[in-house]
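Counting from 606, one number per residue, gives the positions in the sequence shown under the numbering used here.
Presented below is the structure to which this report refers.
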Amino acid sequence: MKNFSDKIAVFLLVSVISFGFGFASKDILDSYAGGGVTANVSNQYPSSVSQDKNIDFGIFWDAWSVIEKKYTIAPLDYKKMVYGAVSGMVDSLGDPYTVFLSPAENDLFSQDMKGSFGGIGAEIGFRNGFLTVIAPLKGSPAEKAGIIAGDVIIKVDEKDITGLSIDEAIMLIRGEKGTKVNLTILRKDEEKSRDIEVVRDTVVMNTVDWKMMDGNVAYISINQFKDDTGQEFDRIIDDVLLKEPKGIVLDLRNNPGGYFNRAIDIASRFIDEGKTVVIQDGGKSKEKYTAQGGKRFDNIPVVVLVNEGSASASEILAGALKDDNDVKLVGKKTFGKGLVQEMEGLKDGSALKVTIARWLTPNGTDINHDGIHPDYEVELTEEDIKNEKDPQLDKALELLK
């Protein structure tokens, strides 16, 4: 599998289906338990529909009626039909980041974002139609088993997942703690597939780790941007500063992102108050988000580590430090996920995650698709990992010396 497209839908290990629809006639919602649906919602069209004479919303109800009258192979599941209609509408946008979450999926997503969930501990999504590992989470069962960013999953326990939705595939990967799952993967630049066995576990993440390294350099790793990541980061600052480090390595490799506000919180510890951290470009308007008082790391040189698994909020942080303080980036080009999503809860417990804008770095660089290029491109090979070598970190330490 070579030359994958950069177009990719990013999801945590939670069942996410690409759909979202919000017309909801009460008649439909009340009819899920059974019985026909004959709602007439002509007076409930959105204004955008009623103003466009080329749109005939009655086609939807005509199709619904035909299915009700003529489909006899199996009982109709009205909730599934409504969610399926929603799926088609959102899929027509062509945006892999705008998705609909059913109530169960929304609940799983919320659990994941709180930092504790079961499974193999990897963020996955679709790349060019293939289920692909965006990043294994640090210390996760997936990382320990040798799964790396870019691995394409083609089978789960010998079951071919080609053509399955991400929801269906993830349900195969998830399982009870202590049980095993066999993933058949294709790795970039390899012609043959390989099988990797992963022991499932409950993944509880501390998103910030740190240690002192030779040369009195503080190494700080941020694995993801969760609810409490900003607080975790603030808790370690005093301990780090007590060591009077001569430099800081900020490791954002395989950090798939998360809450962008947490990225701004952490950027504010490096950037002067009031300076731009990121720009939200909504097309018709732009909004600047600035550092909010609390700069703690002053006159300490910083090098940031990034790679193909650094996405979204981690790219915001890396871009802000690079543009404002001329911080050097080491590693590989970042993932390139620069779109802003907003969660909208729906009344049955489902939700829409909707793309509302793009992220731009303080200098106006569009993060999306192209990502952020490191100042020093350094490869980290599978052989390096096996031999417990880290040439990217070595380069960062060299620059700080």
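C-beta atoms are modelled at their ideal positions from N, C-alpha and C, and glycine is treated no differently.
Where do the N-terminal and C-terminal ends of the alpha helix (DSSP H) with residue i fall, by residue?
i: ASN930; result: 918–930
i: GLN836; result: 834–847
i: LYS684; result: 683–696
i: VAL731; result: One point to set straight first is that residue 731 is Phe, not Val, in the sequence displayed. Not the alpha helix (DSSP H): PHE731 falls in the beta strand (DSSP E), residues 727–732.
i: LEU998; result: 996–1005
i: VAL671; result: 663–675
i: GLU802; result: No alpha helix (DSSP H) contains GLU802, which is instead part of the beta strand (DSSP E) from 799–804.
i: LYS991; result: 987–991
i: LYS749; result: 746–750
Within 10 angstroms of the Cβ of residue i, are there 16 or more other Cβ atoms? Answer buried if so, exposed if not.
i: GLY936; result: buried
i: ILE778; result: buried
i: VAL845; result: buried
i: SER919; result: buried
i: ILE758; result: buried
i: LEU847; result: exposed
i: GLN997; result: buried
i: TYR894; result: buried
i: SER692; result: buried
i: ASP999; result: exposed
i: LEU698; result: exposed
i: TYR683; result: buried
i: ILE752; result: buried
i: VAL671; result: exposed
i: ASN904; result: exposed
i: SER890; result: exposed
i: ARG840; result: exposed
i: ASN711; result: buried
i: THR677; result: exposed
i: GLY863; result: buried
i: ALA709; result: exposed
Keeping to the same chain, check which residues put their C-beta closer than 6 Å to that of residue i; ignore five residues upstream and five downstream.
i: SER792; result: It should be noted that the sequence gives Arg, not Ser, for residue 792. Excluding residues within five positions, the ones whose Cβ falls inside 6 Å are ASP756.
i: GLU800; result: The amino acid occupying residue 800 in the given sequence is Asp; Glu does not appear at that position. Once the five neighbours on either side are set aside, the close Cβ partners of ASP800 are ASN787, THR789.
i: GLY835; result: ARG867, ASP870
i: ARG1010; result: In this structure the chain extends from 606 to 1006, so residue 1010 is not present and cannot be described.
i: ASP892; result: Contrary to the premise, residue 892 reads as Glu rather than Asp in this sequence. So the qualifying residues of the chain are GLN885.
i: LYS938; result: GLY976, HIS978
i: GLU728; result: LEU617, ILE739, ALA740, PRO861
i: TYR981; result: VAL935, LYS1000
Pull up the CB-CB distance for residue i and residue j, whole angstroms please, since I reckon it's below 8 Å.
i: ILE739; j: PRO861; result: 5 Å
i: LEU934; j: PRO979; result: 4 Å
i: ALA774; j: LEU742; result: Actually they do not touch by this definition, with Cβ atoms about 18 Å apart.
i: SER745; j: ILE725; result: 7 Å
i: ILE853; j: VAL911; result: Between VAL911 and ILE853 the Cβ distance is about 15 Å, and since that is not below 8 Å, they are no contact.
i: THR960; j: VAL883; result: Actually they do not touch by this definition, with Cβ atoms about 16 Å apart.
i: ALA747; j: VAL803; result: 6 Å
i: LEU957; j: TYR702; result: That belief does not hold up - the Cβ atoms of LEU957 and TYR702 are roughly 11 Å apart, past 8 Å.
Between which two residues does the beta strand (DSSP E) harbouring residue i extend?
i: ARG901; result: That residue, ARG901, is in no beta strand (DSSP E); it is neither H nor E in DSSP.
i: PRO741; result: 735–741
i: GLY562; result: In the structure as shown, the chain begins at 606 and stops at 1006. Residue 562 is therefore absent and cannot be evaluated.
i: VAL813; result: 813–818
Who pairs with residue i in a beta bridge, going by DSSP?
i: LEU855; result: ILE825, VAL909
i: ILE758; result: ILE790
i: LYS893; result: ILE884
i: PHE830; result: GLY863
i: GLN946; result: THR960
i: LEU706; result: ALA956
i: LEU965; result: ILE884, ASP971
Within a Cβ cutoff of 8 Å, which residues of the same chain sit near residue i, ignoring the five residues on either side of it in sequence?
i: GLU837; result: ASN811, THR812, VAL813
i: GLY820; result: LYS851, GLY852, LEU1002, LEU1005, LYS1006
i: LYS782; result: GLY723, ARG805, ASP806, THR807
i: ASP989; result: ASP995, PRO996
i: ASP765; result: ILE759
i: VAL822; result: PRO850, LYS851, GLY852, ILE853, VAL854, LEU1002, LEU1005
Less than 7 Å between C-beta atoms, sequence neighbours within five positions excluded: which residues of the same chain meet that for residue i?
i: VAL983; result: VAL935, GLY936, PRO996, GLN997, LYS1000
i: GLY899; result: SER873, ARG874
i: GLU947; result: VAL959, ILE961
i: GLY780; result: VAL786, ARG805
If you measure from the CB of residue i, is any heavy atom of the ligand SAH nearer than 8 Å?
i: LYS793; result: The model on display carries no ligand, and the ligand SAH is accordingly not part of it.
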